[in-house]
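Taking it in order: structure first as structure tokens, then the write-up.
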Amino acid sequence: MHQSPDPEGTISPWIAESWEQNEDATSYVLHLRSGITFSDGTPLDAQAVVANIEAWAVGRPDEGLPPVGLFPGGTFASAQAVDELTVQVDFTAPTLSFLPTLGYHGCLLLAPSSLAGTLEQQSDLAFQIGLGPFVLDSWAAGHHVRLVRREDYDWAPAVLGASGPALLEAITFRVLPDVTLRASAARAHQTDLSYNVNPQLLESFTDAGFHVEVPRYLGFVHGYSLRTDVRPFDDVRVRQAFTRGIDRAGILRTVFTDAWEPATSWLQAAVPEATDLTELFAYDPDLAASLIDEAGWTQRDADGFRTKDGTQLGFTIYPTPYLTGSVPEAELASQHLTRLGIHLRTQKLDIPTWAERVTNNPAQGVGEVTRSFVDVGTVAGVITDDGEDWFAVGSSDTELVRLRDALAGAVSREERAPIVDELSRHVLEQAYFIPLEQNVQSIDVQSPELTGITFNAVAIPSYHAATKDPS
Numbered sequence: 002m003h004q005s006p007d008p009e010g011t012i013s014p015w016i017a018e019s020w021e022q023n024e025d026a027t028s029y030v031l032h033l034r035s036g037i038t039f040s041d042g043t044p045l046d047a048q049a050v051v052a053n054i055e056a057w058a059v060g061r062p063d064e065g066l067p068p069v070g071l072f073p074g075g076t077f078a079s080a081q082a083v084d085e086l087t088v089q090v091d092f093t094a095p096t097l098s099f100l101p102t103l104g105y106h107g108c109l110l111l112a113p114s115s116l117a118g119t120l121e122q123q124s125d126l127a128f129q130i131g132l133g134p135f136v137l138d139s140w141a142a143g144h145h146v147r148l149v150r151r152e153d154y155d156w157a158p159a160v161l162g163a164s165g166p167a168l169l170e171a172i173t174f175r176v177l178p179d180v181t182l183r184a185s186a187a188r189a190h191q192t193d194l195s196y197n198v199n200p201q202l203l204e205s206f207t208d209a210g211f212h213v214e215v216p217r218y219l220g221f222v223h224g225y226s227l228r229t230d231v232r233p234f235d236d237v238r239v240r241q242a243f244t245r246g247i248d249r250a251g252i253l254r255t256v257f258t259d260a261w262e263p264a265t266s267w268l269q270a271a272v273p274e275a276t277d278l279t280e281l282f283a284y285d286p287d288l289a290a291s292l293i294d295e296a297g298w299t300q301r302d303a304d305g306f307r308t309k310d311g312t313q314l315g316f317t318i319y320p321t322p323y324l325t326g327s328v329p330e331a332e333l334a335s336q337h338l339t340r341l342g343i344h345l346r347t348q349k350l351d352i353p354t355w356a357e358r359v360t361n362n363p364a365q366g367v368g369e370v371t372r373s374f375v376d377v378g379t380v381a382g383v384i385t386d387d388g389e390d391w392f393a394v395g396s397s398d399t400e401l402v403r404l405r406d407a408l409a410g411a412v413s414r415e416e417r418a419p420i421v422d423e424l425s426r427h428v429l430e431q432a433y434f435i436p437l438e439q440n441v442q443s444i445d446v447q448s449p450e451l452t453g454i455t456f457n458a459v460a461i462p463s464y465h466a467a468t469k470d471p472s
């Protein structure tokens, strides 16, 4: 499948040229396009697709090969080859997210020989045999990946408006971890595209004739999830003061550019079911101050921060190293909350230390969210102990559990839309999630000579139709 990032979240034919879904969204039949081969010459048939679906849904976790996180494996029952080019996939409960998930970049079709490999083998890019318009020429971990055109490729999604082999002969991806180096390489025309430069530099790149892409995608907005089992977030009034005390417009003006848009919910505006719920978390420092007073944080320490029973009202945020702008944004939020007497401490960490300190740490009360998804049904898998339990509410919030189950059990988008609105309202009213801005995970500064790059629903680029003017 190919999924477009338009307001309808359109699903377009690709490897599956057509499909059927039963009335309760528990069974799907996929009709595969004929004449497709993996890059090693192996034909793409129904058995190969079944093997891939089973890898996405179940994996081989005892061998270190887990299932794909966004694939609806919780309701997966079976996949079977009906004939050479027809696959039937069954689920134990309504699973509207199945078709959109087929357009997710984590669900790439690999040759059966690649799927059969060990963890060590699958960690080698040279072992990954796929269906795409480019094939691996060489790679060195932490240095570069070079791809060359596959000359017999002829099955691009029709929605991209291109057919046949890719127009570029080769692409080399260079690893430049430092954001300043990436910007310098772009200015010196040492690269045709630089990824994730400082947002404050974008205007100067545009003025110099570069093309800047900040593609929208489906998913959650950039924000903070709060664990209700960690003080002070066990008190809804403190959580509400947190969200009401952040001047998001000020952050957008200072850290980002006009290409960034304010959050209107905890879901990206591009999500078809998202609604504008800004009034539930809009900046209101007076309301925030009264909520903190009501929660009993009325005393002040020598530094001017609020206290209760001798404990300072404060917490620490470790900005994600994966998102450009995360550090200055957290620092500005700290300034806003300091005015209210809340001590928000920020600490910048390198990637290994950040992963160790933050990932799966139940003592860390604030989690920074930058996640994309291909279908809003994913939300049901993160909000209670039936899934990732972002807010550490378990099953104690019965209303949240009810809405989660209603979302998971919906059999049509029409039925699901009002459930998503009600669930989003509840999450924001309880201030389980602190929205910041519409998330931009990919900032691409392109040379004026490079054109034709397109993006899917989660902002992953396709270079099939890309061209470079040799002049």
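Residues 2 to 472 in this note's numbering are what the sequence shown lists, from first letter to last.
Here a beta-carbon is modelled for each residue, glycine too, at the ideal position from N, C-alpha and C.
All values derive from a computational prediction rather than experimental measurement.
What I want to know is whether the C-beta of residue 158 ends up closer than 8 Å to one or more non-hydrogen atoms of the ligand FMN. Although the ligand FMN was asked about, the structure shown includes no ligands whatsoever.
At which residues does the beta strand (DSSP E) containing residue 20 begin and terminate? Segment 17-22, the beta strand (DSSP E) holding residue 20.
Looking at residue 1: is its Cβ nearer than 9 Å to the Cβ of residue 116? The structure shown has nothing for residue 1, since the chain only spans 2 to 472.
Cutting at 6 Å between CB atoms, please list the residues of its own chain near residue 81, excluding the five before and the five after it. For residue 81, the CB contacts under 6 Å within the same chain, skipping 5 residues up- and downstream, are 89 in chain order.
Check for me: the alpha helix (DSSP H) holding residue 180 runs from which residue to which? That run of the alpha helix (DSSP H) goes 180-188.
What number of angstroms, rounded off, separates the C-alpha of residue 140 from the C-alpha of residue 175? Each residue's alpha carbon lies about 10 Å from the other.
Report buried or exposed for residue 420, applying the criterion of at least 16 other Cβ atoms within 10 angstroms of its Cβ. With 16 or more Cβ atoms within 10 Å of its Cβ, residue 420 is classed as buried.
Residues near residue 240 by beta carbon distance below 6 Å, same chain, minus five either side: Apart from sequence neighbours up to five positions away, the residues of its chain that approach residue 240 with a beta-carbon distance below 6 Å are 227, 234, 432, ordered along the chain.
Compute the Euclidean distance between the alpha carbons of residue 326 and residue 253, then round it to the nearest angstrom. It is roughly 10 Å from the alpha-carbon of residue 326 to the alpha-carbon of residue 253.
Jot down the residue ranges of each uninterrupted beta strand (DSSP E) in the stretch 251-320, minimum 3 residues, whole runs only, in chain order. Segments of the beta strand (DSSP E) lying fully in the stretch 251-320: 307-309, 315-318.
Pairing CB atoms from the stretch 106-114 with CB atoms from the stretch 126-143, are three or more of them under 8 Å? Per the Cβ contact rule, the stretch 106-114 is in contact with the stretch 126-143 (3 or more Cβ pairs under 8 Å).
Is it the case that the stretch 93-111 contacts the stretch 368-385, given that we only count it when at least three CB pairs across the two stretches are under 8 Å? The stretch 368-385 vs the stretch 93-111: in contact.
Below 8 Å on the Cβ atoms is my contact criterion, and I expect residue 401 with residue 394 to pass it. Report the Cβ-Cβ distance as a whole number of Å. Confirmed, about 6 Å.
Looking only at its own chain, which residues have a Cβ that is under 7 Å from the Cβ of residue 285, when we skip the five neighbours before and after it? Excluding residues up to 5 positions away in sequence, 245 lie with their Cβ nearer than 7 Å to the Cβ of residue 285 in the same chain.
State the Cα-Cα distance for the pair residue 1 and residue 457, rounded to the nearest angstrom. Here the chain comprises residues numbered 2 to 472, so residue 1 is not present and cannot be evaluated.
Let me check one thing: in DSSP terms, what residues is residue 171 bridge-paired to? Listed as beta-bridge partners of residue 171 by DSSP are 149.
Is it a yes or a no for the stretch 299-314 touching the stretch 331-343, going by three-plus beta-carbon pairs under 8 Å? With a cut-off of 8 Å on Cβ pairs, the stretch 299-314 is in contact with the stretch 331-343, counting three or more such pairs.
Name the two residues that bound the continuous alpha helix (DSSP H) containing residue 421. Residue 421 -> alpha helix (DSSP H) spans 414-430.
Closest to residue 33 by CA distance: which of 24, 25, 20, 27 is it? With respect to the C-alpha of residue 33, the residue from 24, 25, 20, 27 having the closest C-alpha is 20.
Kindly indicate which three-state DSSP category residue 232 falls into: helix, strand or coil? Three-state DSSP puts residue 232 in coil, outside helix and strand.
Identified DSSP bridge partners for residue 91: Per DSSP, the beta bridge partners of residue 91 are 28, 79.
Alpha carbon to alpha carbon, how far is residue 124 from residue 335? Give it in angstroms, no decimals. The straight-line gap separating the alpha-carbon atoms of residue 335 and residue 124 is approximately 40 Å.
One question on the structure: do residue 436 and residue 265 come within less than 9 Å of each other, judged by their Cβ atoms? Yes, the Cβ-Cβ distance between residue 436 and residue 265 is below 9 Å.
Relative to the C-alpha of residue 95, which residue among 451, 192, 427, 414 is closest? Per the Cα distances, 414.
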